[in-house]
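Peer 1: Below: one structure in structure tokens.
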Amino acid sequence: MDALAVVAEVTENMLGGKKVTVVFVLGGPGSGKGTQCTNIVEHFGFTHLSAGDLLRAEIKSGSENGTMIDTMIKEGKIVPSEVTIKLLQEAMIKSENDKFLIDGFPRNEENRAAFENVTKISPAFVLFFDCAEEEMEKRLLGRNQGRVDDNIETIRKRFKVFVESSLPVIEYYSSKDKVKKIDAAKPIPEVFEGVKAIFAPYAPKVK
Ligand SMILES: Nc1ncnc2c1ncn2[C@@H]1O[C@H](COP(=O)(O)OP(=O)(O)OP(=O)(O)O)[C@@H](O)[C@H]1O
Ligand SMILES: Nc1ccn([C@@H]2O[C@H](COP(=O)(O)O)[C@@H](O)[C@H]2O)c(=O)n1
Ligand SMILES: [Mg+2]
2 MDALAVVAEV TENMLGGKKV TVVFVLGGPG SGKGTQCTNI VEHFGFTHLS
52 AGDLLRAEIK SGSENGTMID TMIKEGKIVP SEVTIKLLQE AMIKSENDKF
102 LIDGFPRNEE NRAAFENVTK ISPAFVLFFD CAEEEMEKRL LGRNQGRVDD
152 NIETIRKRFK VFVESSLPVI EYYSSKDKVK KIDAAKPIPE VFEGVKAIFA
202 PYAPKVK
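To convert a position in the sequence shown, counted from 1, into the working numbering, add 1.
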């Protein structure tokens, strides 16, 4: 191994003095990302960071970006990367954990390239929840969590953004052999069986 390779190995995926493992969790709106992340946290000790949740918390906090973020979410549009990346970085640094599920990010090419450039972190892999729009639409309309974007007009916009901007990101990671695809149309426990098989190498060691 040459000297440059050694430097890269030492510095890559370091954040706030710790070496981190990052898994990007992607899939269409309503594919079940948040639901399965909750299960992964419980069984595999990861910390769940949902980009959407962090942006919604930023609105609530009264931040100067709040109005802009609120407008983007209501329109189903992607918030500029610098805002979302700052929130993700802060959350990872603040956490005592070193294993993170980053849910709903990167959502477009700008998100992907900016995260890589700013943090120098590459994901261990990308978990992709694959589900038909018809099923996702049914789930979102039945979610009942009071989200401002769970209405049919915004849902259709979010599907369009997913196909046009987010699927290319999944294709990018696919070309690097980093995508682990899950059939997310099945019932929740069956989807988790597939997830469990993928996360087995990350199971906490029994002493
Ligand atoms: N496999 C499943 N079968 C049926 N319903 C599901 C399944 N997975 C999740 N759900 C339900 O679908 C709704 C959306 O799930 P969830 O919030 O996990 O999706 P999401 O991918 O995080 O969506 P978003 O991108 O909008 O945040 C929730 O009401 C959840 O209970
Ligand atoms: N990388 C991201 C992630 C989300 N958003 C905005 O938040 C909305 C809700 O996201 P969920 O993952 O909770 O569905 C999304 O539609 C975007 O408006 C974003 O801008 N960038
Ligand atoms: Mg979610």
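Backbone N, C-alpha and C fix where the C-beta goes; we use that ideal spot for every residue, glycine too.
#1: Do residue 166 and residue 79 have their CB atoms nearer than 8 Å?
#2: Evaluate residue 39 with the Cβ neighbour count: other Cβ atoms within 10 Å of its Cβ, from every protein chain shown; 16 or more gives buried, anything less gives exposed.
#3: From residue 25 to residue 124, what distance separates their C-alpha atoms?
#4: Residues near ligand 3, CB to any non-hydrogen atom under 7 Å, in chain order?
#5: Hey, would you say residue 185 sits closer than 8 Å to residue 46, going by beta carbons?
#6: Can you name the start and end residues of the alpha helix (DSSP H) that residue 170 belongs to?
#7: Any heavy atom of ligand 2 inside 7 Å of the beta-carbon of residue 78?
#8: Would DSSP call residue 150 helix, strand or coil?
#9: Would you tell me roughly how many angstroms separate the C-alpha atoms of residue 108 and residue 170, rounded to the nearest one?
#10: Are there three or more Cβ pairs, one per stretch, closer than 8 Å when the segment 80-98 is compared with the segment 42-61?
Peer 2: On the basis of the supplied data:
#1: Taking the first residue of the sequence shown as 1, we reach residue 166 at position 165. Taking the first residue of the sequence shown as 1, we reach residue 79 at position 78. Remark: C-beta atoms of residue 166 and residue 79 approach each other more closely than 8 Å.
#2: Here residue 39 refers to the residue found at position 38 of the sequence shown. Exposed is the call here.
#3: As a position in the sequence shown, residue 25 is number 24, starting the count at 1. As a position in the sequence shown, residue 124 is number 123, starting the count at 1. Looking at the two C-alpha atoms, the distance is approximately 6 Å.
#4: Any heavy atom of ligand 3 within less than 7 Å of a residue's beta carbon puts that residue on the list, which reads 34, 35, 51, 53, 104, 105.
#5: Along the sequence shown, one-based indexing puts residue 185 at 184. Along the sequence shown, one-based indexing puts residue 46 at 45. It is not a contact, given that the beta carbons lie outside the stated cut-off.
#6: The count along the sequence shown starts at 1 and reaches residue 170 at position 169. Residues 168-176.
#7: Numbered from 1 along the sequence shown, position 77 holds the residue referred to as residue 78. Yes - ligand 2 has a heavy atom lying nearer than 7 Å to the Cβ of residue 78.
#8: Here residue 150 refers to the residue found at position 149 when the sequence shown is read from its first residue. Residue 150 falls in the coil class under three-state DSSP.
#9: As a working note, residue 108 is residue 107 in the sequence shown. As a working note, residue 170 is residue 169 in the sequence shown. Just so you know, the alpha carbons of residue 108 and residue 170 end up roughly 7 Å apart.
#10: Judged by Cβ distances under 8 Å, the segment 80-98 makes contact with the segment 42-61, as three or more pairs qualify.
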